[in-house]
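S.K.:
Residue numbers (the working numbering), protein chains in the order written: chain A, 2 to 109; chain B, 2 to 114.
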């Protein structure tokens with residue numbers, strides 16, 4: 002069975018500091034991995050997906066199949082990055098398995 | 002394009018009742034998925050519909066059911082409500098049928114008393 006683990010429930014950093022939100026997964030096939038973000042009072046929305054290899058709002062994520070990880074990184078955090086971040090895996094159809102989420106707080 | 006819409010936004014029911022939630026996907030999207038979000042269990046997949054067929058189902062009891070109409074609109078039904086069914090129910094739609102980006106609605110917050 003697939004599983005997504007986000008070990009940190011809360012991550013607090015100062016503005017301008019680097020950020021890394023950890024995500025580990027377990028799945029035997031070739032999953033598609035996503036990061037979704039939920040800003041305060043907004044709906045859940047896609048931040049990025051591994052297949053596109055894009056950088057969105059300065060965030061990047063690299064799929065490491067050897068370590069089964071898909072960590073989200075940003076070199077310089079901004080206050081507007083404060084939000085709830087969810088790592089998710091899609092293996093069948095459009096069914097998503099979510100991690101427990103990490104709340105990122107960027108302090109001024 | 003208009004985003005995913007869900008009705009109603011808030012609902013209060015009592016134990017034993019049943020409830021029907023509605024989701025209208027983005028125009029042209031044929032896949033609709035439902036998720037339950039609770040503080041304790043996080044986001045859990047309920048089921049997915051594509052072209053009116055249920056393709057995947059999560060680990061929920063049979064009290065949870067759904068359907069999709071020919072216009073891709075979807076409904077989910079929960080019968081014999083329990084206190085533990087109190088949650089935010091999210092609907093998401095996708096354009097295609099495999100591992101696609103999902104676009105989420107605002108959710109329906111259900112409170113069971």
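Even glycine gets a Cβ: it sits at the ideal position worked out from N, Cα and C.
Among the residues of its own chain, which have a CB less than 6 Å from the CB of residue 75/A, if the five just before and after it don't count?
M.R.: Counting only Cβ-Cβ distances below 6 Å, and skipping sequence neighbours, we find 20, 59 and 60.
S.K.: Count the other CB atoms, across all protein chains shown, that sit within 10 Å of the CB of residue 50/A; report buried if there are 16 or more and exposed otherwise.
M.R.: Looking at its Cβ environment, which holds 16 or more other Cβ atoms inside 10 Å, residue 50/A is buried.
S.K.: For residue 15/B, would you say it is in contact with chain A, using Cβ-to-Cβ distances shorter than 7 Å as the test?
M.R.: Chain A contact via Cβ: absent.
S.K.: Considering only the alpha carbon of each residue, which of 109/B, 112/B and 92/B lies closest to residue 46/A?
M.R.: When each option's Cα is compared against that of residue 46/A, the closest is 92/B.
S.K.: Is the shortest distance between the beta-carbon of residue 54/A and the beta-carbons of chain B less than 7 Å?
M.R.: It does not; no Cβ of chain B falls within 7 Å.
S.K.: If you measure beta-carbon to beta-carbon, which residues of the region 66-95 of chain A are closer than 7 Å to chain B?
M.R.: The region 66-95 of chain A vs chain B, Cβ under 7 Å: 87, 91, 93, 94 and 95.
S.K.: Of the choices 81/A, 87/A and 79/A, whose alpha-carbon is the least far from that of residue 72/A?
M.R.: That would be 87/A, whose Cα lies nearest to the Cα of residue 72/A.
S.K.: Are the C-beta atoms of residue 47/A and some chain B residue less than 7 Å apart?
M.R.: It does: the Cβ of residue 47/A has a partner Cβ on chain B nearer than 7 Å.
S.K.: According to the Cβ coordinates, are residue 38/A and residue 98/A closer than 7 Å?
M.R.: Going by C-beta atoms, residue 38/A is not nearer than 7 Å to residue 98/A.
S.K.: Mind pulling the chain B residues with CB within less than 8 Å of residue 98/A?
M.R.: Here the neighbours are 46.
S.K.: Do residue 68/B and residue 80/B come within 7 Å of each other at the CB atom, strictly closer than that value?
M.R.: No, the pair does not count as a contact, with Cβ atoms beyond the cut-off.
S.K.: Could you give the DSSP three-state label for residue 101/B: helix, strand or coil?
M.R.: Coil at residue 101/B, not helix or strand.
S.K.: Which residues in the same chain have their Cβ closer than 6 Å to the Cβ of residue 8/B, if we skip the five residues on either side of it in sequence?
M.R.: Cβ neighbours of residue 8/B beyond the five flanking positions: 23.
S.K.: Contact criterion: CB-CB distance below 7 Å. Does residue 101/A meet it with respect to chain B?
M.R.: Closer than 7 Å to some Cβ of chain B, the Cβ of residue 101/A qualifies, so yes.
S.K.: What does the Cβ neighbour count give for residue 77/A, buried or exposed, with the cut at 16 atoms within 10 Å?
M.R.: Flag for residue 77/A reads exposed.
S.K.: Would you say residue 9/B lies against chain A (beta-carbon separation less than 7 Å)?
M.R.: It does not: the Cβ of residue 9/B has no partner Cβ on chain A nearer than 7 Å.
S.K.: Considering just the uninterrupted stretch of the beta strand (DSSP E) at residue 97/A, what are its terminal residues?
M.R.: First-last of the beta strand (DSSP E) with residue 97/A: 96-99.
S.K.: Using the beta-carbon count (16 or more within 10 Å), is residue 68/A buried or exposed?
M.R.: Exposed is the call here.
S.K.: Flag residue 33/A as yes if its beta-carbon sits less than 7 Å from any beta-carbon of chain B, otherwise no.
M.R.: Yes, residue 33/A counts as interfacial toward chain B.
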